[in-house]
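The structure appears right after this line, and notes come after that.
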Amino acid sequence: MPQTPVAEKHTTFARCLECNKVGLFAPLHWLALGFKDMASAPLLSLFYGVVFSLIPVAILYFVYQSGTHLVILPATVAFALIGPVFAVGLYDIAWELEKQHKPTLSHSLKSMFRNPVGEWGFAILLMVVMIIWMRLAALVHALYPNSVNPTLEELSAFLTLGSFIGAIMLGSVFAISAFTPQIMMERRVDLMTAVVSSINAVKENVGAMIVWAFCIVALVALGFVTGATGFIVIMPLLSYASWHGYIAIIKHKGPRGYE
10 MPQTPVAEKH TTFARCLECN KVGLFAPLHW LALGFKDMAS APLLSLFYGV
60 VFSLIPVAIL YFVYQSGTHL VILPATVAFA LIGPVFAVGL YDIAWELEKQ
110 HKPTLSHSLK SMFRNPVGEW GFAILLMVVM IIWMRLAALV HALYPNSVNP
160 TLEELSAFLT LGSFIGAIML GSVFAISAFT PQIMMERRVD LMTAVVSSIN
210 AVKENVGAMI VWAFCIVALV ALGFVTGATG FIVIMPLLSY ASWHGYIAII
260 KHKGPRGYE
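Following the numbering used here, the numbering of the sequence shown begins with 10 at its first residue and continues without gaps.
This is the structure:
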């Protein structure tokens, strides 16, 4: 698939890694490569899949215990977007397969400490953003009409403001999280370089990233519909596909194992 390099940029705070432009439906190719990785490392994929399936179970329990629907959307989005932070071990497996090495559990676990400052800093950054999002959701809920059966006109302010804030927060978190964990794991760069590079890559590939976002949302929704058991397969698949998206979009000096 042809790729057009985008010139490297520099900012005051961090450098921006070069990126390629990919086709609109490139994410479907990433998913296909993700399936191949799962077939190449089935036991390791199963191990991480079981571990990650416990995360949505915890989210569902939290939603049940909170007794309010306000946390459902932020919790679902948090899982979809913060999940890649905890998928570093799966990125390592995909990277080892790319290098034609035999991936091991010990090697993948060690990869979680390859750039601990950046990875934990990124996790804290996303946690702060999600807390802000939930507080904004609570404030917007104050606009909800007091009547038992509100009309569409009465709901208009609530729906408009809620949709506007949700779209901004969703787009922002997606942009900073799309490739930041992969960049930090492989290149061991600082957090700002990874975040700026991720935002730039998403900006230069808006169409493909919208398709990728829909793929993520659809698969995450399927995981919750199956009572979280589907995440045993979905989380490894999304993690491997994310790695191939990183390979396709973030420019490297030499050829990669997958194109």
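C-beta: ideal position from N, C-alpha, C; glycine also. Only a predicted model underlies this, so the values are computations on that prediction, with no experimental measurement involved.
Under 9 Å between C-beta atoms of residue i and residue j
i, j, result
"L246", "G98", "no"
"I141", "M193", "no"
"V59", "I241", "yes"
"P154", "L164", "yes"
"M201", "V211", "no"
"S207", "A187", "yes"
"A166", "L152", "yes"
"L135", "V205", "no"
"L106", "A50", "yes"
"L55", "T113", "no"
"W104", "E195", "yes"
"A250", "C224", "yes"
Coarse secondary structure for residue i, derived from DSSP in three states
i, result
"N209", "helix"
"K30", "strand"
"R265", "coil"
"R197", "coil"
"R123", "coil"
"P112", "coil"
"S186", "helix"
"S248", "helix"
"Y153", "coil"
"P159", "coil"
"A237", "coil"
"A230", "helix"
"A67", "helix"
"A50", "coil"
Spatial distance of residue i from residue j (CA atoms)
i, j, result
"S117", "V226", "26 Å"
"A129", "A146", "Here the sequence assigns Trp to residue 129, which means Ala is not the residue at that position. Going from the Cα of W129 to the Cα of A146 covers about 26 Å."
"I258", "A67", "33 Å"
"Q191", "Y100", "7 Å"
"M47", "E162", "49 Å"
"G175", "V31", "27 Å"
"L228", "L63", "16 Å"
"P264", "Q74", "50 Å"
"F173", "K108", "43 Å"
"G127", "A96", "14 Å"
"H110", "G232", "30 Å"
"V215", "A184", "10 Å"
"R123", "R197", "7 Å"
"C25", "M121", "23 Å"
"K262", "G239", "37 Å"
"M143", "Y70", "17 Å"
"H150", "N209", "33 Å"
Residues that DSSP places opposite residue i in a beta bridge
i, result
"I259", "C28"
query: Is it a yes or a no for the region 244–258 touching the region 31–40, going by three-plus beta-carbon pairs under 8 Å?
result: Touching, yes.
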